[in-house]
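Residue numbers (this note's numbering): 842 to 1307.
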């Protein structure tokens, strides 16, 4: 089937399946606000703003420039956002409008939970249909997704639904919800077991945001207290290893390979910035979406889990300096591991919130090398699954040497999008998605700099569950 035919057939089926009854609000022309100094450099383009509401209550928006180049970009936003977005940042939105792209995106249905994976794909496809009904059939439709939206994006790339021709993932949560909660639980459990041994700390099956917030306070206070002693710092490093937490924090120089104290201090810096608040708070919404706890640790040998971590030398060095027995702590963790997952929630996570089982269209994922919320090691996990499906040639991954979650420059984002278009134009990736080519393309844009580097992530630290 040709691309136009596939696109038309897919949209027809999607329209029938979802019974999309659009509730278009007033369509009006608007002029984008001027860029701030140092962003992209010129006044914003004139674009028509479209918006509407989908049957499940999700809203959508689209910006269509006067000189539309025929390509429609649909953007999938990250966790915690409750309004429609059509670009990862305002600077990127303005630049893409300058280049003639039409931009669209939905809010997803977040009425029940912020983890909207049950509705996100459906709402993004319905948004494509709604926009197409207004502006006509695009010559090409591309998907872009950021953070949780990177998982939505990977699922769209897996199915090709909505007539998607290619996809770009930005710091995507591509290992999926089950893996996410598994290694996060290992870290939370380590803090609770080793730093709060006589305290009852609820780690799963949160009934409310208040329960999750209480756990955040307990764990955060314990970490802050432990950081004051050598033994506490060693145990924090152990939890950070299970969390796949980078040892390079924002605003800091990267520690030397054998600077154990410096590495631990920067891991603690991430924790002090509120990582646990986001990790534990997010668990409430994901559990609510999946109908229960989707992670457990019963039967896990924590010595084996640590042995596979890139941070094992750091942990070992700090334990030796503190005069603590790492072996004893790991045995205690293994002996006390009694949390079991709800099989129905695990199945729901696999059904709604997983990716990598295959690709229908080319996908380029880019990731920062020191990401605290979605560790770059997730890309390894995802790539293994894509290769196992036989679709490895459709996937490319590239890395930006920078701290933080989704901290890409406009130039890095736009250059990556152009690399996806090169793959679609030529039928092959060639060198377009290599670090050197992406760096050169991003710098040539003359925008806000770039830091693409050759990089290969370590394996995700996650124990195999029985």
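C-beta: ideal position from N, C-alpha, C; glycine also.
Beta strand (DSSP E) segment containing residue i, residue limits
| i | result |
| --- | --- |
| residue 901 | 900-906 |
| residue 1278 | Here residue 1278 belongs to no beta strand (DSSP E); instead the alpha helix (DSSP H) covers 1276-1285. |
| residue 1191 | Segment 1184-1193 is the alpha helix (DSSP H) holding residue 1191; no beta strand (DSSP E) there. |
| residue 1156 | Element bounds for residue 1156: not the beta strand (DSSP E) but the alpha helix (DSSP H), 1153-1163. |
| residue 1291 | From DSSP, residue 1291 is part of no beta strand (DSSP E); its letter is neither H nor E. |
| residue 946 | 943-947 |
| residue 914 | 912-917 |
Proximity of residue i and residue j at Cβ, strictly below 8 angstroms
| i | j | result |
| --- | --- | --- |
| residue 966 | residue 1001 | no |
| residue 901 | residue 971 | yes |
| residue 1107 | residue 1080 | no |
| residue 886 | residue 939 | yes |
| residue 893 | residue 952 | no |
| residue 946 | residue 993 | no |
| residue 1057 | residue 1117 | yes |
| residue 812 | residue 1013 | This structure does not reach residue 812, given that the chain is present from 842 up to 1307, and the question cannot be answered. |
| residue 1210 | residue 1245 | no |
| residue 1243 | residue 1274 | no |
| residue 1149 | residue 1302 | yes |
| residue 1109 | residue 1151 | no |
| residue 1025 | residue 1120 | yes |
| residue 973 | residue 948 | no |
| residue 1227 | residue 1268 | no |
| residue 1111 | residue 1212 | no |
| residue 1278 | residue 1272 | yes |
| residue 1304 | residue 1145 | yes |
| residue 1037 | residue 1063 | yes |
6 angstroms Cβ shell around residue i - same chain, five flanking residues per side excluded
| i | result |
| --- | --- |
| residue 943 | 905, 909 and 913 |
| residue 871 | With a pLDDT of only 30 at residue 871, under the threshold of 50, the placement of this residue in the model should not be trusted, and no figure is reported. |
| residue 921 | 955 |
| residue 1084 | 1028 |
| residue 877 | Here the model assigns residue 877 a pLDDT of 28, short of 50, so the residue's position is not dependable, and the following value carries that caveat. Closer than 6 angstroms at the Cβ level, and outside the excluded window around residue 877, lies no residue. |
| residue 1238 | 1206 and 1220 |
| residue 1319 | Beyond the ends of the chain as shown, which are 842 and 1307, falls residue 1319; an answer cannot be given. |
| residue 849 | Legend: pLDDT at residue 849 = 41, less than 50; position of this residue unreliable, no value from coordinates given. |
| residue 1203 | 1007, 1235 and 1264 |
| residue 1258 | 1009 |
| residue 1290 | 1250 |
| residue 863 | With a pLDDT of 31 at residue 863, under the threshold of 50, the modelled position of that residue is not reliable, and no figure is offered here. |
| residue 1005 | 982, 984, 997 and 1202 |
| residue 930 | none |
| residue 1175 | 1142 and 1143 |
| residue 882 | Legend: pLDDT at residue 882 = 33, less than 50; position of this residue unreliable, no value from coordinates given. |
| residue 1261 | 1007, 1009 and 1205 |
| residue 865 | Low confidence applies to residue 865: its pLDDT is 29, below 50, so where it sits in the model is not reliable, and the reading given next is rough at best. The answer, listed in chain order, is 893. |
| residue 975 | 891 |
| residue 1300 | 1221 |
7 angstroms CB neighbourhood of residue i in its chain, flanking five on each side removed
| i | result |
| --- | --- |
| residue 1298 | 1217, 1218, 1220 and 1221 |
| residue 1137 | 1180, 1181, 1182 and 1306 |
| residue 941 | 906, 908, 909 and 910 |
| residue 1115 | none |
| residue 1040 | 1059 |
| residue 1043 | 1052 and 1056 |
| residue 989 | 919, 920 and 1014 |
| residue 1200 | 998, 999, 1227, 1232, 1235 and 1236 |
| residue 1159 | 1074, 1075, 1078, 1101 and 1105 |
| residue 1286 | 1252, 1255 and 1256 |
Residue span of the alpha helix (DSSP H) that contains residue i, given as start and end
| i | result |
| --- | --- |
| residue 962 | 958-976 |
| residue 990 | 989-1000 |
| residue 1169 | 1167-1176 |
| residue 939 | 931-939 |
| residue 1146 | 1143-1148 |
| residue 893 | No alpha helix (DSSP H) holds residue 893; the beta strand (DSSP E) holding it covers 887-894. |
| residue 1083 | 1071-1083 |
| residue 1119 | 1116-1131 |
| residue 1098 | Run containing residue 1098: none; DSSP gives neither H nor E here. |
Residues near residue i in its chain [Cβ-Cβ closer than 8 angstroms; skip 5 each side]
| i | result |
| --- | --- |
| residue 1135 | 1018, 1019, 1022, 1127, 1128, 1182, 1183, 1186, 1187, 1189 and 1190 |
| residue 1050 | 1122 and 1125 |
| residue 1276 | 1239, 1240, 1293, 1294, 1295 and 1296 |
| residue 1230 | 1197, 1198, 1199 and 1200 |
is_contact[residue i, chain D] using C-beta, thresh 8 angstroms
| i | result |
| --- | --- |
| residue 1105 | Although the question refers to chain D, the structure presented lacks it and comprises just one protein chain. |
| request: Determine, using beta-carbon pairs with one atom in the segment 1125-1137 and one in the segment 1177-1190, whether at least three such pairs fall under 8 angstroms. | output: Touching, yes, given that three or more Cβ pairs across the two stretches are closer than 8 angstroms.
| task | For the segment 1202-1273, list the beta strand (DSSP E) runs that are entirely contained and at least 3 residues long, ordered along the chain. | result | Secondary structure within the segment 1202-1273: the beta strand (DSSP E) runs of 3 or more consecutive residues, fully enclosed, are 1204-1211 and 1236-1244 (chain order).
| task | Determine, using beta-carbon pairs with one atom in the segment 1161-1178 and one in the segment 1059-1076, whether at least three such pairs fall under 8 angstroms. | result | Contact between the segment 1161-1178 and the segment 1059-1076 is present: three or more C-beta pairs spanning the two stretches fall below 8 angstroms.
| Cβ contact (3+ pairs, closer than 8 angstroms) linking the segment 1148-1162 and the segment 1026-1035 | Touching, no, given that fewer than three Cβ pairs across the two stretches are closer than 8 angstroms.
| Does the segment 1190-1206 touch the segment 956-963, meaning 3 or more C-beta pairs lie closer than 8 angstroms? | At 8 angstroms Cβ cutoff, the stretches touch.
| said: List, from N- to C-terminal side, the beta strand (DSSP E) runs of 3 residues or more that fit wholly inside the segment 990-1057. | reply: Runs of the beta strand (DSSP E) spanning 3 or more residues and lying entirely within the segment 990-1057 occur at 1007-1011, in chain order.
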